[in-house]
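FYI, our numbering numbers position 217 of the sequence shown as 1660, with every residue one higher than the one before it.
For reference, the structure discussed in these notes is given below.
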Amino acid sequence: MSGGRVGLLAVLLAVLVVVSFGLGRFSLSPETVVKILAHEIAGIGPEIGGQERAVVMNIRLPRILAALLVGAALASSGAAYQTMFRNPLVSPEVLGVAAGAGFGASVSILIGLPTAALQTISFGCGLLAAVLAVSIARLVGRGSLIILVLGGVIIGAMFNALISSAQYFANPETTLPEITFWLFGNLGRASMHSLLVPAIIIGTCLVVLYTVRWPLTVLATGDDEARSLGVNRTRIWAVTITASTLMTATAVSVAGIIGWVGLVVPHLARFAAGPSFNRMLPVTTLLGAGYLLAVDDVARTATELDLPLGILTALIGAPFFVALLARAGRQWL
């Protein structure tokens, strides 16, 4: 995809961001949103105080930034995993990271820890799950990608069982609904303070993936060709797994378990930019950010309740994937 088209996607994403600021129970015009942001960020124009400013800066800005970060992280890590494993059915949950992070969050809610501690423990448990999956692959399969996937399935099942245990022991009137709602995926906990570290981690990992986009694209064509071009397969795999795992664990620690984003969005990017990871990475990042932001807009405006994001992404993603299977399923078998 040309730079012009990537620029067009960026412009469309910016428009969606402005529109998203105005959506909700307290509606705001795009003009008001732009004036508030211009004054608060660049000091341009008159100050608009009161309720409008509080809604934009304290409520919607953190949530919109969280949607952009989480969507970009899940979509980009999904694209990287699919390219590395040469499998279009792989998602960011392949190494059990989401289940591990979900267990960490469930335990944190169970014992009543604050949001900062919840995110830290969730992030750490997500990384632990990936380390265990990689350890299984090294011990049993000597680094085989197939064994790595199976190791992720094993670790994911183990942590899902631990999540169920945490739910079983939770108070059904207080902590159990909170655990369940968090596991469904939600951006309501986001704040500017809590997003600082996740933004740094996700931004750094996106830069890292961008630096290995060429060798990862070469690896996707086959080991022999990569070897002939001097690509260090082990190093590129390690960098890709590390960056993708960090992004996935961070995304889950911020928003809970939101499925289908890392599975569906990379396919949309392939339709737009082609199969080359080098070309599809920036497209995937922008589409992922915009997709989750649009879903979150629906989640907080469709009904009076704040709908869980995981439910909406599944309702949207599953039919799309059925259509995708009907179109390209034979090529994957």
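Note that CB positions come from ideal geometry on N, CA and C, so glycine has one too.
For residue 1499 and residue 1479, believed in contact at Cβ under 8 Å, the rounded distance: Your numbering for residue 1479 matches position 36 in the sequence shown. Your numbering for residue 1499 matches position 56 in the sequence shown. Confirmed, Cβ separation roughly 5 Å.
Three-way DSSP call (helix, strand, coil) for residue 1675 in this model: The residue you call residue 1675 lines up with position 232 of the sequence shown. Here residue 1675 sits in coil by DSSP.
Segment limits, alpha helix (DSSP H) that includes residue 1495: Position 52 of the sequence shown, counted from the first residue, corresponds to residue 1495. From DSSP, the alpha helix (DSSP H) with residue 1495 extends over 1493-1497.
Sufficient close CB pairs (3 or more, under 8 Å) joining the segment 1543-1555 to the segment 1696-1716: Counting Cβ pairs under 8 Å, three or more are found: they touch.
Euclidean distance between Cα positions of residue 1581 and residue 1587: Position 138 of the sequence shown holds residue 1581. Position 144 of the sequence shown holds residue 1587. Going from the Cα of residue 1581 to the Cα of residue 1587 covers about 8 Å.
Three-state secondary structure assigned by DSSP to residue 1501: Taking the sequence shown and counting its residues from 1, the one referred to as residue 1501 is at position 58. Residue 1501 falls in the helix class under three-state DSSP.
DSSP three-state assignment for residue 1469, whether helix, strand or coil: The residue given as residue 1469 occupies position 26 in the sequence shown. In the structure shown, residue 1469 adopts coil according to DSSP, grouped into three states.
Nearest-angstrom Cα separation, counted from residue 1447 out to residue 1475: The sequence position of residue 1475 within the sequence shown is 32, counting from 1. The sequence position of residue 1447 within the sequence shown is 4, counting from 1. Between residue 1475 and residue 1447, the C-alpha separation is close to 29 Å.
Candidates 1647, 1648, 1683 and 1626: closest to residue 1658 by CA position: The residue you call residue 1658 lines up with position 215 of the sequence shown. The option with the nearest alpha carbon to residue 1658 is 1683.
Cα-Cα separation, residue 1571 to residue 1605: The residue you call residue 1571 lines up with position 128 of the sequence shown. The residue you call residue 1605 lines up with position 162 of the sequence shown. When rounded, the distance between both Cα atoms is 14 Å.
Three-state class that DSSP yields for residue 1617 in the structure shown: The sequence position of residue 1617 within the sequence shown is 174, counting from 1. If DSSP states are grouped into helix, strand and coil, residue 1617 belongs with coil.
Euclidean distance between Cα positions of residue 1456 and residue 1504: Counting from one through the sequence shown, the residue named residue 1456 turns up at place 13. Counting from one through the sequence shown, the residue named residue 1504 turns up at place 61. Here the C-alpha atom of residue 1456 lies approximately 15 Å from the C-alpha atom of residue 1504.
Start and end residues, alpha helix (DSSP H) containing residue 1565: If you number the sequence shown from 1, residue 1565 lands on position 122. Residue range 1558-1584 is occupied by the alpha helix (DSSP H) that includes residue 1565.
Residue 1686 classed as buried or exposed, judged by whether at least 16 other C-beta atoms fall within 10 angstroms: The count along the sequence shown starts at 1 and reaches residue 1686 at position 243. Classification of residue 1686: buried, given that the 10 Å Cβ count is 16 or more.
Status (buried if at least 16 other CB within 10 Å, exposed otherwise) for residue 1451: Walking along the sequence shown from the start, residue 1451 turns up at place 8. Its Cβ having fewer than 16 others within 10 Å, residue 1451 is exposed.
Rounded straight-line distance, which links the Cα of residue 1643 to that of residue 1714: For the purposes of this step, residue 1714 is taken as residue 271 along the sequence shown, with counting starting at 1. For the purposes of this step, residue 1643 is taken as residue 200 along the sequence shown, with counting starting at 1. Approximately 30 Å, taken between the alpha carbons.
Straight-line gap, residue 1508 to residue 1671 (C-alpha atoms, nearest Å): Residue numbering aside, residue 1508 sits at position 65 when the sequence shown is read from its first letter. Residue numbering aside, residue 1671 sits at position 228 when the sequence shown is read from its first letter. One C-alpha to the other measures close to 42 Å.
Alpha-carbon spacing of residue 1637 relative to residue 1690, whole angstroms: On the sequence shown, residue 1637 is found 194 positions in, with the first residue counted as 1. On the sequence shown, residue 1690 is found 247 positions in, with the first residue counted as 1. Between the C-alpha atoms of residue 1637 and residue 1690 there is a straight-line separation of about 15 Å.
Contact set for residue 1551: own chain, Cβ-Cβ below 8 Å, skip 5 residues either direction: One-based indexing of the sequence shown puts residue 1551 at position 108. Cβ contact annotation for residue 1551 (same chain, cutoff 8 Å, sequence separation greater than five): 1560, 1561, 1564 and 1565, in chain order.
Residues near residue 1529 in its chain [Cβ-Cβ closer than 7 Å; skip 5 each side]: Here residue 1529 refers to the residue found at position 86 of the sequence shown. Result list for residue 1529: 1663, in chain order.
Runs of alpha helix (DSSP H) wholly within the segment 1589-1667 (minimum 4 residues, chain order): Qualifying alpha helix (DSSP H) stretches, in chain order: 1618-1626, 1635-1654 and 1656-1664.
Test item: CB-CB of residue 1553 and residue 1609 under 9 Å: As a first step, residue 1553 is located in the sequence shown; it is residue number 110 there, counting from the start. As a first step, residue 1609 is located in the sequence shown; it is residue number 166 there, counting from the start. In this structure, residue 1609 lies closer than 9 Å to residue 1553 by Cβ.
Reduced DSSP secondary structure (H/G/I, E/B, other) of residue 1532: For the purposes of this step, residue 1532 is taken as residue 89 along the sequence shown, with counting starting at 1. In the structure shown, residue 1532 sits in coil (DSSP, three-state: anything other than H, G, I, E or B).
Three-pair Cβ contact test at 8 Å for the segment 1583-1601 versus the segment 1535-1542: Touching, yes, given that three or more Cβ pairs across the two stretches are closer than 8 Å.
Start-to-end residues for the alpha helix (DSSP H) that takes in residue 1707: For the purposes of this step, residue 1707 is identified with residue 264 of the sequence shown, where counting begins at 1. Start and end: 1704-1716.
Residue from 1728, 1454, 1463 and 1506 whose Cα sits closest to the Cα of residue 1648: Within the sequence shown, residue 1648 is the residue found at index 205, counting from 1. Per the Cα distances, 1728.
Three-state secondary structure assigned by DSSP to residue 1725: As a position in the sequence shown, residue 1725 is number 282, starting the count at 1. DSSP places residue 1725 in helix when its eight states are reduced to three.
Minimum C-alpha distance to residue 1705 - residue among 1533, 1652 and 1466: Here residue 1705 refers to the residue found at position 262 of the sequence shown. Closest option to residue 1705, Cα to Cα, is 1533.
Spatial distance of residue 1617 from residue 1603 (CA atoms): Here residue 1617 refers to the residue found at position 174 of the sequence shown. Here residue 1603 refers to the residue found at position 160 of the sequence shown. Their Cα atoms are separated by approximately 21 Å.
Spatial distance of residue 1743 from residue 1650 (CA atoms): Residue 1743 sits at position 300 when you count from the first residue of the sequence shown. Residue 1650 sits at position 207 when you count from the first residue of the sequence shown. Distance between the alpha carbons of residue 1743 and residue 1650 is about 31 Å.
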